[in-house]
Each structure stands twice: as C-alpha cells, then as structure tokens.
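For the sequence shown, our numbering begins at 74 and goes up steadily by one. Yeah, the Cβ is synthetic: ideal placement off N, Cα and C, and Gly gets one too.
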Amino acid sequence: MMKVGKIVGHQKTIYSTHPENSICEAATLMADKRIGALIVLDDDQDIAGIITERDILRKCAGMNDDDDARCALVKDVMTPKTRLITAHKDHDLRSVMSTMTENNIRHIPILDHDELIGLISIRDVVRILLEHAEFQNKLITEYMDSTGRYL
Numbered sequence: 074m075m076k077v078g079k080i081v082g083h084q085k086t087i088y089s090t091h092p093e094n095s096i097c098e099a100a101t102l103m104a105d106k107r108i109g110a111l112i113v114l115d116d117d118q119d120i121a122g123i124i125t126e127r128d129i130l131r132k133c134a135g136m137n138d139d140d141d142a143r144c145a146l147v148k149d150v151m152t153p154k155t156r157l158i159t160a161h162k163d164h165d166l167r168s169v170m171s172t173m174t175e176n177n178i179r180h181i182p183i184l185d186h187d188e189l190i191g192l193i194s195i196r197d198v199v200r201i202l203l204e205h206a207e208f209q210n211k212l213i214t215e216y217m218d219s220t221g222r223y224l
C-alpha cells in the first residue's frame, strides 16, 4: 500500500496562518485557495495547531448577535498542537484513513520526524484509493480479456 510521504511529496505549498490572525483572515485564505484547513505556525515557524473550516463554523454558529467574528482569533478556535493528530510519512494510506475516520477528522498533518512535510485531506485519501481501485480493475479486465477467462 502507498505511503503517505509519497503523496505529500507532490504538494507544492502547505498553506498556513498565525495564531494571532483573525478567523476571517483564515477563512478568506481557505476560500481563496479552495482548501478546508490551515496549519497554524507560531513566530518560530513551529506547528502551533490546525484550524479547519469546521472550527470557524462552530465559532460563528455559537456567537451571539453582539459578537463579531472578525475579532475572533485563530488561537481561540484552532486545535492546539497538544491535541493535534498527525501521521508519519511512512504510514500507509489505509492506516491514515482509519485514523481520520476513528477520530472524525478531515485533515491530518504529515510529519517526517517532527518536521511538517504536508497536509492530507480525506478527499485526497478517497481520490487516491479510487484511482488505485480503478487501476487494479483495469489490470484484471486486461488479464481476463487476454486469457479469455471470466469469473
């Protein structure tokens, strides 16, 4: 099975934000880049956590009419590093999918030891597994056509 390090090796950019940025800035970046999560990096460029569209939605849904979402900061709604679920680049895709499913998360940072090398979404996982299944199906079909054997 494919290792997640191979998948993130094709990512050109890991989008990030700072804990002191507003959630509106984070949401705008996510919308502009058509992504569902940002890695949160501190002043030293170390991982501070992750913020997702769900985090922002929960914050906005819980606000009173007097609250202003523009004032809410990333650090107030993000999942902090202490609770962050990550995967190592050598983990296989199916185990990462299981981790994401069991923990009800849609995005998972991929590390090489303690260094961030990418971010995988559940959409990435499903797309890759589908491509793999289609490839296997094609091989089986070609084999059956070439041998005249059918199940």
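How is residue i classed by DSSP in three states: helix, strand or coil?
i	result
Gly-82	coil
Leu-159	Note that residue 159 corresponds to Thr in the displayed sequence, not to Leu. Coil, per DSSP.
Ile-123	strand
Ile-178	coil
Per DSSP, which one or two residues make a beta bridge with residue i?
i	result
Glu-188	Asp-185
Pro-153	Gly-122
Lys-76	Asp-165
Ile-193	Ile-181
Measuring CA to CA, which of the options is closest to residue i?
i	options	result
Glu-93	Val-147, Arg-131 and Met-170	Val-147
Ser-194	Gly-135, Ile-123 and Ala-100	Ile-123
Thr-101	Ile-183, Met-170, Thr-174 and Glu-126	Glu-126
Ile-112	Lys-76, His-161 and Pro-153	Pro-153
Asp-117	Ala-134, Thr-90 and Arg-167	Thr-90
Ala-121	Arg-107, Asp-149 and Glu-204	Asp-149
Tyr-88	Ser-95, Val-77, Lys-106 and Val-81	Lys-106
Within the continuous alpha helix (DSSP H) that includes residue i, where are the two ends?
i	result
Ile-96	96-106
Leu-166	166-175
In chain order, what residues of the same chain have a beta carbon less than 6 Å from the beta carbon of residue i, not counting five sequence neighbours either side?
i	result
Thr-159	Pro-182 and Leu-184
Arg-131	none
What are the start and end residues of the beta strand (DSSP E) that includes residue i?
i	result
Ile-87	No beta strand (DSSP E) holds Ile-87; DSSP gives it neither H nor E.
Ile-112	110-114
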